[in-house]
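Trainee: Mapping the sequence shown onto full-length UniProt numbering, position 643 (from 1) lands on 643, and the numbers just tick up by one.
Cβ atoms here follow ideal geometry from the backbone N, Cα and C, with glycine treated the same way.
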Amino acid sequence: MQGARRLDDGTLDNLQRAFLDEFKKTDMPHELYAYALMDKNLADEVRFFGFHLLEHFIRRHWDGLTHAGKENVRTAVLTYLAQGTKDLSVEKRFIKEKAVAMIILIAARDWPDKWPTFLEQLVTIAGQGDTQLELILITLRDLVEEIRVYNDHLSDKRRRAMNVALTNALQDIMAFFKKFIEMQYQLFMQMRNEKHAHLVTAVLNTIAAYLEWTPIDLVLANDFPLVFSALLQDTQFRTLACECLLLVLGQAPNPHNKLKILFGFDHLEAISTALAARTDPEEDYSFHVKLASVWPLPLSFLTREFVPALTPPSPTALFQFLSLLGQKHLQFADTKIPPNYDKYLALMVMVAQHASLQISIEALTFWNMLLKNEAMGNHPSLASLFPQMLAACDMKDFKIPYELSDAERAGYPAALHATIEYIDNDYEDAEAYTTVFGTYRHRACEVYTAIAAKQPELALRTAGERLQACLVAEIPPGVTKASYTYVRLDGAILHVEAALRGLAGIFSQPESNAAAIACVESLLGLLYNYKATNSLLLTCLVEAWKGFCSYYAFAPAALQHVLPKLLELVTFRPPEELSAASVTDLSVSTTQARRRASQTFIYICNEIPDALLPHLESILNMIGQIYAQGLLLEEEKANLIEALVAVRNLAKQEAFVLAVLKTPLEEWTSSMLTNLVSDVPALLDFIGVITKQKLQGPLEENSPATVSLQQSMGVRKMYHLLNTFLAVAKRAAVPKDPQELAAGGFLSGAREGAYRHPMSVTLMQILPNLLALLRSIHTIWTPEVREQLPLAMHHVLDFDNKAVAELLGQYTKLEDQPTTIGSQIKSATSWLSSMRMNSYALLGRMTTYGEDFYSKGIERMLLEYVFVHLVHMQNRHLAPLLSCPWWAMLHAILPQLLDFFVKRLFASWAEMQRRTQGQAQSSSVADELVEEKLLRDLTRDYAALMESILLAASEGTKKGEMFRPSPLAASLLSQEAVAVQLMRGLVGLVHYWPDSQAFMRALPLVPRLLSVLDQNGMLYHPVMEELVGKELLSALLRSLHDKQTAQTASALLLTAVRDIFVFLLRKKSSWPDRTIASLQSETVAEYYEKEFRRKLFKTPKSKPGRENDVNKQKLELNPRRLDKSSMSSPHKPVVPSWFDTTDSLHLPM
């Protein structure tokens, strides 16, 4: 006792503390010492130890006490509660919580069956004083949390018994809450003291713990919505009261209570009053942030000048309640218009006008639902509110940068200062702000589009007025993307596009929509007549031309004015750059504006090719003139060619493709380029990579060996040539109509149904240099070439910072690369990566172009030029190579390719696991993240390859039918080498390569592959039988043994295991039994003997390969029945037993 009483002054030494800890473990009468230490006249630390001692006694000795002993403890604890605590303002919260914990422990053991009077005794104590009331309120709150939330320690039987008892007592408990909240609030209103305010808050906190699951009838019977609405008027209780309203409103509706949940419409007057409540700004904003995840905000900028009714900003919790109330109503299709709905809509307009993005999102969510609702979307009050809603969307739809300089901030109007301050303080970083702003802008545009569908003239006129205000405004010097001038135009363009998206029906009935069409033409006239002088603003403005495609299709005559204007913008130069000697001297912003214009031209051509077809000759003439004048960059030439192919006359497309690609083909097939792509040293020199032979003296940024401007131009030209071919390959198409197919010369005549793609002839001319380029690029990564590069030049073979940042996420900040790398090296790195990816993509396109491509010995060419030096390629290079549909044509070398990829994946994952375990040298964190991301991508691409082979076989297979492979898949899987490698890949995906996405893609493939191998007999060859019965089955069982894996995929895993037993045991294979025996667990072996062998074979009529076997045999495969504790779980092997890490990872060619 003396030692415990010294807890308050901190004079206990370690020996005395150890004694107190050991004392709890003795069999002495702890409760007697606890009662003495709980005296409220002692220090808080001493009393806390007393509570703790009694709590320990109850936990340890309760079950061993006699009935009388338990009754004595219950009486002592209740007596202690009935005596109350120190004054409400003096007693510490942790003492109150600990005092209540004892009674909750006893209730969890005895109530209701052994202590039926528990709740009645609590109610009696509550009426004995203020401190007693608070303790009982805490007890009731902790009781429901003990039963409903923190209940893991309770048995199912105890939890059910306590829950039933609490549910039966709810009516009395709710009446108890109502009595005391009304009583304490009345006393508070009379005396206005802290004591009664404290008790009102305590009652609200306890009620909140019950409201989420209390039946709505019981809540309404006690008039709680009315009580909470009244409490909204008082700033001390409004947050908790609103939270209680939200809890009631958030209940899941059912047919019996859905109308009752809409109680909020009856209390809009109280809510309106609460919205206008004024108090200390800091308290206002703390209420603001309660339920909307907004961070604290300084006090000086909470005034909202353009919404006087909402000054200061109104509570977010109430806004959330209002939004949820409206959404709940709209979910009830048979619900009539609720009371006060006009007032409610007016409130929701004001919520949408709030300065905070987060708060406005709540309102816009409701408005989107309302405008799309068939029953309520035409409510008579809506039309009068549309102008205000459009204005609300306009208020904040400015892409304000997260960080603004003082000068940039000064350029924004005062009306936006509150929003800017919210942005500065509500979001921790630019990423969080960008996410929220993207949500806001998306919902605001949806509202704009929905209003345009109902009142197109209003939406178009509003958007046009805003756009015109932007276009006539004076452009200040030094405009940036952070300038108000730019963000205002960006928002205006977005709303023009949103309004145009809502006009789908007006052009089908032009007579009745003449005024709306006139508004569209007026908008288009604004764009047409605008004389661009600023590159940055033009980059933004040119996007608006895309939105008029439906009008162009309706009035194609307008294109004779629109197309020349767009082509004029493709060659745009601002006044200060008119004197530039060459287009290559243009600024970055001007180049971006021209690029955006050419992309807009492509978009229009692709969207309405039929409308553009009559203008094709004039387009060709205009582009020809631009070409002849040398006004285009190489990229712009590629974009315009792509646009022309999109405007396709299918009957003449092959001739057209040959015509537009005539000049690019001549340049691509020139002898100079042919020699260049076939010579690795020449190619390195061409792209600015200096070899040791070329280097004289130290490597410096401005070394004489730096590539010349003319050579740099050649690099870009070569890049855009390949882009041109790829763009045309994407846009060129074969007509679907058989008559057009025959008339256009597409039929090849090789066999019935075969066709000749319009790009076939062109691509076969492109192919030789394309393959040579790929071979040279692959060769650059070999050790022989690497040795010829100075150390600093090795960086050209690695990722640059930009690529790493894109891979890890755009907000990842990385250190700069070494300063010794010149700009030409960075350009070379990017060029090599882009040329490799585009070359793979172009080859992938070729594989879809019919028989012409396959008749040219493509397999031999790919083997000689593309599938070389694979062992030296990095995983980032292998992934796109693997994703091309090579398997469809590489019958002869597919086994070697699959073997290479399987071994690469096993070796890469093994290396990563050794590094994780500290058995291999680690790189930097960023490098390891990149390597892991690339390896996962490669693994998923391999899973996709298996899907492309096996799932193609499911086409036409009906449910319950035998799985039948396609002819191509059957041909491939009849090769034992292919089948073995695919099965080994499945083993890796199921167990050895720990990527969840690849794992989930692989599991459904197991039954399909087994079915095909069963049909062709391959499954019962000795090598395959062992691979399936031993390696695959073991891998599946290990994955099933893993708790996390079993939770997410137990059904798929059990189906795969079942299929292995179905196929192999019926052929008397010994491998399943041997594999089960190897688990070294009698319980597991007995389980599988019972669940698989006996149940599978008691129905002899079942046929293997049926997808519904598991239903017919009624197997009860429950993974919970496995005694996993007895199943041996050795450390996951790095590689399977058959994999030899010393194998050479290259193709035998």
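Using a threshold of 9 Å, state whether the C-beta atoms of alanine 482 and serine 405 are closer than that.
Mentor: Yes, they are a contact pair.
Trainee: Histidine 67: which of Lys96, Trp115, Cys445, Val46 sits nearest, CA to CA?
Mentor: Residue Trp115 is the option with its Cα nearest to histidine 67.
Trainee: Can you list, in chain order, the residues of its chain whose CB lies under 6 Å from that of leucine 524, leaving out five sequence neighbours each side?
Mentor: So the list reads Phe548, once near-sequence residues are dropped.
Trainee: So, using beta-carbon positions, are leucine 632 and valine 570 closer together than 9 Å?
Mentor: Closer than 9 Å, so yes.
Trainee: Taking a contact to mean a Cβ-Cβ separation below 9 Å, would you say threonine 201 touches phenylalanine 177 in this structure?
Mentor: Result no, Cβ atoms of threonine 201 and phenylalanine 177 do not sit closer than 9 Å.
Trainee: Taking a contact to mean a Cβ-Cβ separation below 9 Å, would you say asparagine 222 touches alanine 175 in this structure?
Mentor: Yes, they are a contact pair.
Trainee: Exposed or buried, what is alanine 659 when buried is set at 16 or more other beta-carbons lying within 10 Å of its beta-carbon?
Mentor: Per the 10 Å Cβ criterion, exposed.
Trainee: Mapping the DSSP letters down to three states, classify valine 479 as helix, strand or coil.
Mentor: Residue state, collapsed to three classes: coil.
Trainee: With distances taken from CA atoms, which of Arg93, Asp87, Tyr992, Ala1002 is nearest alanine 1035?
Mentor: Answer by Cα proximity: Tyr992.
Trainee: According to DSSP, is valine 203 part of a helix, a strand, or is it coil?
Mentor: Note: valine 203 maps to helix in three-state DSSP.
Trainee: Quick check: what's the CA-CA separation for alanine 515 versus alanine 555?
Mentor: The alpha-carbon atoms of alanine 515 and alanine 555 are separated by roughly 15 Å.
Trainee: Taking 8 Å as the cut-off, does the CB of valine 871 come closer than this to any heavy atom belonging to the ligand GDP?
Mentor: The ligand GDP is not part of this structure, which contains no ligands at all.
Trainee: Which complete alpha helix (DSSP H) runs does the region 488-554 hold, if anything under 4 residues is left out?
Mentor: Runs of the alpha helix (DSSP H) inside the region 488-554: 514-529, 535-541, 549-554.
Trainee: With a Cβ-Cβ cutoff of 9 Å, do cysteine 445 and alanine 498 count as a contact?
Mentor: Yes, these two residues count as a Cβ contact at 9 Å.
Trainee: List the endpoints of the continuous alpha helix (DSSP H) containing phenylalanine 177.
Mentor: Residues 170-191.
Trainee: Can you give me the C-alpha to C-alpha distance between leucine 249 and leucine 133, rounded to a whole angstrom?
Mentor: Roughly 28 Å separates the two Cα atoms.
Trainee: Three-state secondary structure (DSSP) at alanine 375?
Mentor: If DSSP states are grouped into helix, strand and coil, alanine 375 belongs with coil.
Trainee: Given a cut-off of 9 Å, decide if arginine 594 and glutamate 636 are closer than it, judged by their beta-carbon atoms.
Mentor: Taking 9 Å as the Cβ cut-off, glutamate 636 and arginine 594 qualify as a contacting pair.
Trainee: Return helix, strand or coil for lysine 396, following the three-state DSSP convention.
Mentor: Reduced to three states, the DSSP call for lysine 396 is helix.
Trainee: Helix, strand or coil for leucine 898? Go by DSSP, reduced to three states.
Mentor: In the structure shown, leucine 898 sits in a helix (DSSP, three-state: H, G or I).
Trainee: Going along the chain, which residues of its own chain have a beta-carbon closer than 7 Å to the beta-carbon of arginine 466, five neighbours each way excluded?
Mentor: So the list reads Asp394, Ala492, His495, once near-sequence residues are dropped.
Trainee: Please go through the same chain and pick out, in chain order, the residues whose beta-carbon is closer than 6 Å to the beta-carbon of glutamine 592, but skip the five residues on each side of it.
Mentor: Around glutamine 592: Thr539.
Trainee: Any idea if leucine 791 is buried or exposed, counting beta-carbon neighbours within 10 angstroms, 16 or more meaning buried?
Mentor: Label assigned to leucine 791: exposed.
Trainee: With a cut-off of 8 Å on the beta carbons, I'd call arginine 775 and valine 645 a contact; round off their distance for me.
Mentor: Actually they do not touch by this definition, with Cβ atoms about 29 Å apart.
Trainee: Do phenylalanine 901 and tyrosine 942 have their beta-carbon atoms positioned less than 9 Å apart in this structure?
Mentor: For tyrosine 942 and phenylalanine 901, yes; Cβs fall inside 9 Å.
Trainee: Which class does aspartate 426 belong to by DSSP, given the choice of helix, strand or coil?
Mentor: In this structure, aspartate 426 counts as helix in the three-state DSSP scheme.
Trainee: How would you label methionine 672, buried or exposed, when you count the other beta carbons within 10 angstroms and need 16 or more for buried?
Mentor: Methionine 672 should be labelled exposed.
Trainee: Comparing alpha-carbon positions, which option in Gly1029, Ala197, Arg936, Gln1015 lies nearest glutamine 997?
Mentor: Per the Cα distances, Arg936.
Trainee: Could you give the C-beta distance for isoleucine 602 and valine 728, rounded to a whole number, given that I count them as a contact under 8 Å?
Mentor: Their Cβ separation, rounded to whole angstroms, is 12 Å, which puts isoleucine 602 and valine 728 out of contact at 8 Å.
Trainee: For cysteine 884, does the three-state DSSP call read helix, strand or coil?
Mentor: Cysteine 884 falls in the coil class under three-state DSSP.
Trainee: Where does aspartate 685 sit, in a helix, a strand or coil, going by DSSP?
Mentor: Helix at aspartate 685.
Trainee: By alpha-carbon positions, which one of Gln121, Ala108, Thr916 ends up nearest to arginine 158?
Mentor: Comparing Cα positions, the closest option is Ala108.
Trainee: Within 10 angstroms of its Cβ, does glutamine 1044 collect 16 or more other Cβ (buried), or is it exposed?
Mentor: Exposed is the call here.
Trainee: Helix, strand or coil for isoleucine 337, going by three-state DSSP, please let me know.
Mentor: Isoleucine 337: coil per DSSP, three-state reduction.
Trainee: Run through DSSP, which three-state label would tyrosine 402 get?
Mentor: Correct three-state label for tyrosine 402: coil.
Trainee: Among Leu684, Ile777, Glu928, which residue has its Cα nearest to the Cα of glutamine 824?
Mentor: The residue with the shortest Cα to Cα distance from glutamine 824 is Leu684.
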